[in-house]
Amino acid sequence: LTKDPNSGGGGAGGGRSFSDINIDAPSPEVKMSDEFTSSRYECIYNKLLQCADGKNLVNTIHKRFGREGAVGNLTLTVIPNKFENPGTFANTDQPSKEQPYNITITCSDEKMKDLPNITCALILMHEMAHAEIYRVLLSLSKGPVVNFDSIWPTLQKDYKEAGKSKLNMKITPGVFDYYDRFRDSEISPSVQHEMMAGSFIPFFISTLKKFNKNFLNQTITEEQYEALAWMGLDRTLTFKLLPEEKREKLKSALKYFTENTKSEECK
1 LTKDPNSGGG
11 GAGGGRSFSD
21 INIDAPSPEV
31 KMSDEFTSSR
41 YECIYNKLLQ
51 CADGKNLVNT
61 IHKRFGREGA
71 VGNLTLTVIP
81 NKFENPGTFA
91 NTDQPSKEQP
101 YNITITCSDE
111 KMKDLPNITC
121 ALILMHEMAH
131 AEIYRVLLSL
141 SKGPVVNFDS
151 IWPTLQKDYK
161 EAGKSKLNMK
171 ITPGVFDYYD
181 RFRDSEISPS
191 VQHEMMAGSF
201 IPFFISTLKK
211 FNKNFLNQTI
221 TEEQYEALAW
231 MGLDRTLTFK
241 LLPEEKREKL
251 KSALKYFTEN
261 TKSEECK
């Protein structure tokens, strides 16, 4: 869930058209709806895949969904209108009984059409991070939907077998921390944001820099890169623990960048 920094809190929803996409069982590919492939977001996504520098979040996650033995499908699509919550740019849905094995990223064209390419790139990365979290949870669930009741015992067992050392765990330690802190809370995008704020910011910044260097060549300051990376994560505890002066500078940097950078074609 990537939200407009100027909007209020809340969830998201909205219908979509999948144009004959098969979502029955995991298959080694990332699926794109006709709406997505005919939009500039596909162009931006493909350019993100080319930013492989060892820290490219999108490229890494794309490969995990695209390899043999993938535990779930990833579908990318676009809706022309806004979500139920008008402040939402994009949303990631976990697998459900109606959509087994399928993790879906949906972009709102009405919200994103006036954004510059690098901001859209950040939004896609943010949603890919949600997709990766759901992919890991689906893997631990060993079924077509995320089964929260079975995940925590599996993580506890791994932690115990690792000698209670997170560094020696077979499963990503961040997932253990995520459940250790929030397993009694509703597993929602806002909770996932806490994990993302603590782990993903450096990856967002690194890939944004590569994206700009390879395809845009725009003048973007270090502070603006960091401000973009925090977009959608500014309500997290991690952000709130930053010094007040730094928080205000990041908010001002994002506001200035947003107001002074226009949408452009992706070629």
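Quick note on UniProt numbering: the sequence shown kicks off at 1 and runs consecutively.
Where a beta carbon is used, it is the ideal one built from N, C-alpha and C, also for glycine.
What you are looking at is a predicted structure, and each value in this text was computed from that prediction instead of being measured.
Which whole-angstrom value is the C-beta distance of residue i and residue j, which I expect to be below 8 Å?
i, j, result
"T258", "E194", "24 Å between Cβ atoms; not a contact."
"L138", "P95", "6 Å"
"V71", "C107", "Going by Cβ atoms, the distance from V71 to C107 rounds to 24 Å, so no, they are not a contact pair."
"I201", "Y225", "Contact flag wrong, Cβ pair sits at about 10 Å."
"I133", "L140", "About 11 Å separates the two Cβ atoms, so there is no contact after all."
"Y179", "L124", "So it is not a contact: roughly 26 Å between Cβ atoms."
"S199", "G232", "That belief does not hold up - the Cβ atoms of S199 and G232 are roughly 15 Å apart, past 8 Å."
"T2", "H126", "5 Å"
"A121", "L48", "6 Å"
"K210", "C51", "4 Å"
"K160", "F176", "Not quite, the Cβ-Cβ distance comes to about 11 Å (not below 8 Å), so this is no contact."
Give the secondary structure of residue i by DSSP, where H, G and I count as helix, E and B as strand, and everything else as coil.
i, result
"N73", "strand"
"I23", "In this predicted model, I23 has a pLDDT of only 40, less than 50, meaning its place in the structure is not dependable; the value taken from the coordinates is given anyway. It is coil, neither helix nor strand."
"G15", "Bear in mind that the predicted position of G15 carries a pLDDT of just 33, short of 50, making it too unreliable to give a figure here."
"A162", "coil"
"S38", "coil"
"V146", "coil"
"C107", "strand"
"I123", "helix"
"K262", "coil"
"I171", "coil"
"D4", "coil"
"D93", "strand"
"K249", "helix"
Under DSSP, the alpha helix (DSSP H) around residue i begins and ends at which residues?
i, result
"N59", "57-66"
"K209", "201-211"
Determine the closest residue to residue i out of the options, with distance taken between C-alpha atoms.
i, options, result
"V146", "R181, D180, N102", "N102"
"K249", "K157, C266, T221", "T221"
"E29", "R67, T2, L1", "R67"
"K240", "A197, M32, D177, A253", "A197"
"P5", "N260, E244, L228, C266", "L228"
"I61", "V136, C120, E110", "V136"
"P116", "E245, G87, P153, N212", "N212"
"A90", "L57, K97, Y41", "Y41"
"S33", "P80, F203, N59, K142", "P80"
"E110", "L57, G87, Q99", "G87"
"N73", "F83, N85, T92", "T92"
"K31", "K209, Q192, N214, F65", "F65"
"W230", "N217, T219, S38, K246", "K246"
"E98", "P144, N168, K262", "P144"
How is the beta strand (DSSP E) around residue i delimited, first residue to last?
i, result
"M32", "30-32"
"F83", "Looking at the DSSP string, F83 is not in any beta strand (DSSP E), and its letter there is neither H nor E."
Checklist line | Continuous alpha helix (DSSP H) assignments of at least 4 residues falling wholly in the region 214-246 | finding: Segments of the alpha helix (DSSP H) lying fully in the region 214-246: 222-229, 237-240.
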